[in-house]
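What follows is a set of notes on a single structure, which appears directly below.
There are 2 protein chains.
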Amino acid sequence: MAVRPKWTDFPTSNVRRYLEPGPIVLVSSAHEGRTNIMTMGWHTVMEFTPSLVGCVISSANHSHKMIRRSGQCVINLPTTKLTDVVVGVGNTTGAEIDKFAHFGLTAVAAERVSAPLIAECHAAFECRLHDDALVDKYDFFVFEVVKAHVAATPKHPETLHYTGGGVFVVSGKIISRRLMFRPGML
Amino acid sequence: MAVRPKWTDFPTSNVRRYLEPGPIVLVSSAHEGRTNIMTMGWHTVMEFTPSLVGCVISSANHSHKMIRRSGQCVINLPTTKLTDVVVGVGNTTGAEIDKFAHFGLTAVAAERVSAPLIAECHAAFECRLHDDALVDKYDFFVFEVVKAHVAATPKHPETLHYTGGGVFVVSGKIISRRLMFRPGML
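Residue numbers (the numbering used here), protein chains in the order written: chain A, 5 to 190; chain B, 5 to 190.
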């Protein structure tokens, strides 16, 4: 069982801090008394305020219908400590197993949505469906992050970034060029 | 001047290999005899075949109109060798300078689009506008990658992933879990 980070509230307008680098995330959902978790690598920040995130959630995923029908999900950010959980979640289906139980993850009640937070993750972003205009055509959901929880440490968590083929690259070293940016461009 | 990698053709259906990890990219464009380059961190893979990539290109960017009007662009993948170029491109505007000249970058003719490739990048993906349904509302463009050029080495280039605030995280270490994946899930 992984250590549970201590979360604090985080401004929803700055979730790009964690999502723009493109990490693999765990998406949790709830519908009609059941929960599920899926891995997701196809997502992008779309706006600061409202805090919008666009995500491709294939209709081949058991989570797709749960998220579409409930209009909610939580985007959870795992670190490299959870690598094997990430791989396991991505290689199983919620149609057959209870992923929280199977992978020893802790479901914590969210504040603004019914989908559960995953306590072992570095951060958790509560989302409501904002726009489903491209769901039928591309399985593309636009969510609004309505509440953000982030662990204060480590400041730069080691995240997983998927390349396909079973291979992840890991974000590690930090490069700051803050002084080279025009203030309005930060 | 950075070294120019030697590109070979790469299957467009597998550009997720380079884009799914979420790197900052340089988007080049051409319209009415002028070229431009912008940095972009808000993008996601959307489909394997056709090879679709969704991108937020703010209307505040000089490139926005050039890309919308021409219906084309090139998504170029810089590595950490180009860190200062990436920062410079993101902190200047094509309304005032010629970015290829200013940053010593080499424009190479593309095969399928009129926008130029950036020779110093590890990879370059020629794109045509596929769907503009969400452009007015979210500045969100869906492009089809119609031709992909990738350097064969290094196999895992060190890429930049932006967090905001002038800080990048760098993809470094590789983790392979290939043997833990169900074949259909790779």
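Quick reminder that beta carbons are idealized off the backbone N, C-alpha and C, glycines included. Since we're looking at a predicted model, the values are computed, not measured.
Residues are counted here when their Cβ sits less than 7 Å from a Cβ of chain A; for the stretch 168-182 of chain B these are Gly168, Gly169, Gly170, Val171, Phe172, Val173, Val174, Ser175, Gly176, Lys177, Ile178, Ile179, Ser180, Arg181 and Arg182, given in chain order. Given a length threshold of 3 residues, each whole run of the beta strand (DSSP E) inside the stretch 30-114 of chain A is given here in chain order: 38-44, 47-51, 56-60 and 76-81. In this structure, the alpha-carbon of leucine 190 of chain A lies about 8 Å from that of arginine 182 of chain A.
If you draw a 10 Å sphere on the C-beta of serine 32 of chain B, you find 16 or more other C-beta atoms in it, and that means buried.
Shown here, aspartate 140 of chain A sits in a helix according to DSSP, grouped into three states.
Remark: C-beta atoms of alanine 128 of chain B and histidine 106 of chain B do not approach each other more closely than 8 Å.
Residues of the stretch 35-50 of chain B with a C-beta atom less than 7 Å from some C-beta of chain A are Gly45, Trp46, His47, Thr48, Val49 and Met50, listed in chain order. For threonine 97 of chain B, no CB of chain A lies under 8 Å from its own CB, so it is not counted at the interface with that chain. At the C-beta level, leucine 30 of chain A and cysteine 131 of chain A stay beyond 8 Å of one another. Taking 8 Å as the CB threshold, alanine 127 of chain B stays off the interface with chain A. Excluding its 5 nearest sequence neighbours in each direction, alanine 156 of chain A has C-beta neighbours in its own chain below 8 Å: Lys10 and Thr12, listed in chain order.
Contact check for valine 49 of chain A against leucine 81 of chain A fails: the beta carbons are separated by 8 Å or more. The shortest C-alpha to C-alpha distance from glycine 98 of chain A to any of A:Val149, A:Asn40 and A:Lys159 is the one to A:Asn40. Remark: C-beta atoms of valine 60 of chain B and phenylalanine 144 of chain B approach each other more closely than 8 Å. Considering only beta carbons, the part of the stretch 60-76 of chain A lying closer than 7 Å to chain B consists of Val60, in chain order. Inter-segment contact for the stretch 67-81 of chain A and the stretch 166-186 of chain A is absent: fewer than three beta-carbon pairs are separated by less than 8 Å. Within chain A, the residues whose beta carbon sits less than 8 Å from that of valine 91 of chain B are Arg181, Met184 and Phe185, listed in sequence order. Residue nearest to histidine 165 of chain A within the set A:Ser74, A:Asp140 and A:Gly26 is A:Gly26 (criterion: CA-CA distance). Non-local C-beta neighbours of phenylalanine 52 of chain B in its own chain, meaning closer than 8 Å and more than five positions away in sequence, comprise Ser17, Asn18 and Arg20, ordered along the chain. Between the alpha carbons of glycine 58 of chain B and aspartate 140 of chain A lies a gap of roughly 16 Å. If you draw a straight line from the Cα of phenylalanine 14 of chain A to the Cα of lysine 151 of chain A, it comes to about 8 Å. Neighbours of arginine 132 of chain B in chain A, taken as residues whose beta carbon is under 9 Å from its own, are absent, since the nearest beta carbon is some 16 Å off.
Setting aside the 5 residues that flank it on each side, aspartate 135 of chain A is surrounded in the same chain by Val146, each with a C-beta closer than 7 Å to its C-beta; the list follows chain order. By alpha-carbon distance to serine 67 of chain A, the top candidate from A:Leu86, A:Thr110, A:Pro158 and A:Thr43 is A:Thr43. Separation of glycine 168 of chain A and glycine 92 of chain A (C-alpha to C-alpha, rounded to the nearest whole angstrom) is 15 Å. For alanine 137 of chain B, the residues of chain A that pass the 9 Å Cβ criterion are Ala137, Leu138 and Lys141, in the order they occur in the chain. Apart from sequence neighbours up to five positions away, the residues of its chain that approach leucine 138 of chain B with a beta-carbon distance below 7 Å are Phe144, ordered along the chain. The criterion of a C-beta distance shorter than 8 Å is not satisfied by histidine 35 of chain B and serine 63 of chain B.
Judged by DSSP in its simplified three-state form, serine 175 of chain A adopts strand. Using a CB distance cut-off of 8 Å, leucine 190 of chain B counts as an interface residue toward chain A. Just so you know, the alpha carbons of phenylalanine 185 of chain A and methionine 70 of chain A end up roughly 42 Å apart.
Nearest in C-alpha terms to asparagine 65 of chain B, of all of B:Lys159, B:Val112, B:Gly94 and B:Glu162, is B:Gly94.
In terms of Cβ geometry, threonine 110 of chain B and alanine 119 of chain B do not form a close pair [threshold 8 Å]. In the same chain as valine 117 of chain A, and ignoring 5 residues on each side of it, the C-beta atoms closer than 6 Å to its own belong to Gln76 and Glu130, in chain order. Closer than 8 Å to the CB of threonine 83 of chain A there is not a single CB belonging to chain B. When the alpha-carbon of serine 55 of chain A is set against those of A:Thr96, A:Asp102, A:Val7 and A:Leu133, the nearest one is in A:Leu133.
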